[in-house]
Amino acid sequence: MKKFDRVDFVILETIQPIMSDSLILESTITCPHCAQQATETMPVNACQYFYVCTFCGELLKPKPGDCCVFCSYGSVPCPPIQQGNHCC
Numbered sequence: 065m066k067k068f069d070r071v072d073f074v075i076l077e078t079i080q081p082i083m084s085d086s087l088i089l090e091s092t093i094t095c096p097h098c099a100q101q102a103t104e105t106m107p108v109n110a111c112q113y114f115y116v117c118t119f120c121g122e123l124l125k126p127k128p129g130d131c132c133v134f135c136s137y138g139s140v141p142c143p144p145i146q147q148g149n150h151c152c
């Protein structure tokens, strides 16, 4: 798998804007390759399918059945899932 030298966020699909005071917008992603953690702000109007680990450079993708990297590797699921909706 290709390593990356910097953090890249790739957002492939936009969804309807979601606004709520009860949403948690920060999630701590734990890299399954190096176990390092980074706290990121989740987009509320898009799904994030890829995340590059800020420590080892590994490109993370959602696990089968998950809609985004936050649902797979984050401490908090993405905003649509928090609201009980389907993700992208």
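Residues 65 to 152, numbered by this note's numbering, are exactly what the sequence shown covers, in order.
No residue lacks a Cβ here, since even glycine has one placed at the ideal position from N, Cα and C.
Rounded C-alpha distance that separates residue i from residue j
i	j	result
F134	C120	18 angstroms
T94	D130	15 angstroms
Y115	L123	6 angstroms
P141	C117	18 angstroms
A138	I145	The sequence shown places Gly at residue 138, rather than the Ala named in the question. Using only the alpha carbons, I get a separation of about 12 angstroms.
Q112	P126	9 angstroms
T103	A110	18 angstroms
P128	S91	20 angstroms
Three-state class that DSSP yields for residue i in the structure shown
i	result
Q146	helix
V140	coil
V133	helix
Buried versus exposed call for residue i [16 or more other C-beta atoms within 10 Å across all chains shown]
i	result
P143	buried
C98	exposed
Contact check, residue i vs residue j, beta carbons under 8 angstroms
i	j	result
T105	L87	no
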